[in-house]
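K.L.:
Numbering (my numbering), first residue to last: -15 to 295.
All C-beta atoms in this analysis are idealised placements derived from N, C-alpha and C, irrespective of residue type, glycine included.
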Ligand SMILES: [Zn+2]
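Here it is as structure tokens:
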């Protein structure tokens, strides 16, 4: 009851047309042109997670998607434009400067994250060459893939929910969709933080060239699922009523998995009947709908434990 209505609304937004019949959807070739012209970051602050902004005319008054008049703008800078703390003229001037200057750096240009084999660690759990990190009910909730198109910033996609498991932010290939006011994304040096407006860190990761991404903190909700990553390890939780069960993944390593953590939230049982490890299939916590390292070619399991918590 939580996810799909929001998803439908997001899609409906994407399909929305303005009074001239222009769709919100920007064709991929034009979007790529805009990313290149904007040098893969917000034209004002260079943040690498952004939206497409029709500068002038605004989307409501545009008759076509003109790459010269659309730029990349992060949520924070977009908000400043909405509140009129930043003028459209300044944005246009910044865009011109970014386009014309050879001095403007790409976000994270100093990084050399050029390798196609990224290793992602979630605390003590390591996922080598695993791009689809978290999947729930067949939907990708978190994926970090190698940079493309000459950008040195990895491609981030994620679905972020509030405390009630309701989707409030979606990032698709570094493009921010959904409410801007509810979330804050900060990119400081090589650290990326995604926080709710009231300060809860949903995701924080550090990029370590040439091939490592360290997820320092994760606190993600969806329906009756709760994922936490902190210094102690990775916790995959399911709730039923006031009762929560967490599977703690401590010392764990896998390579070339199709999915890092896979959850089917329709499973009513939250206490695993047992642990099944199958070559190529990964670790299945039987009866709970939780699987880890699905399709992994290599796996090293040293520490998996279960505990329950009553609110
Ligand atoms: Zn910005």
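1. Please confirm whether any heavy atom of ligand 1 lies closer than 7 Å to the CB of residue 140.
2. Identify, in the order they occur along the chain, each residue of the same chain with its Cβ nearer than 7 Å to the Cβ of residue 141, setting aside the five sequence neighbours on each side.
3. Going by alpha carbons, who is nearest to residue 101 out of 42, 108, 8 and 115?
4. Name the DSSP beta bridge partners of residue 83, please?
5. Can you list, in chain order, the residues of its chain whose CB lies under 6 Å from that of residue 266, leaving out five sequence neighbours each side?
6. Could you tell me which of 196, 120 and 50 sits nearest to residue 11, measuring between CA atoms?
7. Nearest by alpha-carbon distance to residue 245: which of 171, 137, 104 and 186 is it?
8. Please confirm whether residue 138 and residue 197 have their CB atoms less than 8 Å apart.
9. Mind checking who residue 62 pairs with in its DSSP beta bridge?
10. Nearest to residue 249 by CA position, among 200, 8, 221 and 37, is which residue?
11. Going straight from the alpha carbon of residue 225 to that of residue 186, what length do you get?
12. So who's on the other strand from residue 283, going by DSSP bridges?
13. If you measure from each residue's Cβ to the nearest non-hydrogen atom of ligand 1, which ones come out under 5 Å, in chain order?
14. I need the DSSP call for residue 78, collapsed to helix, strand or coil.
15. For a minimum of 3 consecutive residues, which ranges assigned as the beta strand (DSSP E) are wholly contained in the region 185 to 251?
16. With a cut-off of 8 Å on the beta carbons, I'd call residue 235 and residue 168 a contact; round off their distance for me.
P.N.:
Let me lay it out:
1. Because no heavy atom of ligand 1 lies under 7 Å away, the Cβ of residue 140 does not count as near it: no.
2. Excluding five sequence positions before and after residue 141, the CB atoms of its chain that fall closer than 7 Å to its own CB belong to 124, 127, 155, 156 and 157, given in chain order.
3. Among 42, 108, 8 and 115, the Cα nearest to that of residue 101 belongs to 115.
4. In the DSSP output, where bridge partners are listed per residue, residue 83 has none listed.
5. The beta carbon of residue 266 sits closer than 6 Å to the beta carbons of 275, 276, 277, 278 and 280 from its chain, once the five residues preceding and following it are set aside; these are given in chain order.
6. Relative to the Cα of residue 11, the nearest Cα in the group 196, 120 and 50 belongs to 50.
7. Comparing C-alpha distances from residue 245 to each of 171, 137, 104 and 186 shows the shortest one belongs to 104.
8. In this structure, residue 197 lies closer than 8 Å to residue 138 by Cβ.
9. DSSP lists no beta-bridge partner residue for residue 62.
10. Here the closest residue by C-alpha is 221.
11. For the pair residue 225 and residue 186, the Cα-to-Cα distance works out to about 23 Å.
12. DSSP output for residue 283 lists 238 as bridge partner(s).
13. Selection output, chain order preserved: 26, 28, 29, 31, 58 and 61.
14. Here residue 78 sits in helix by DSSP.
15. 185 to 192, 196 to 206, 209 to 214, 217 to 224, 227 to 233, 236 to 239 and 243 to 247, all fully within the region 185 to 251.
16. At roughly 33 Å, the Cβ-Cβ gap does not stay under 8 Å, so residue 235 and residue 168 are not in contact.
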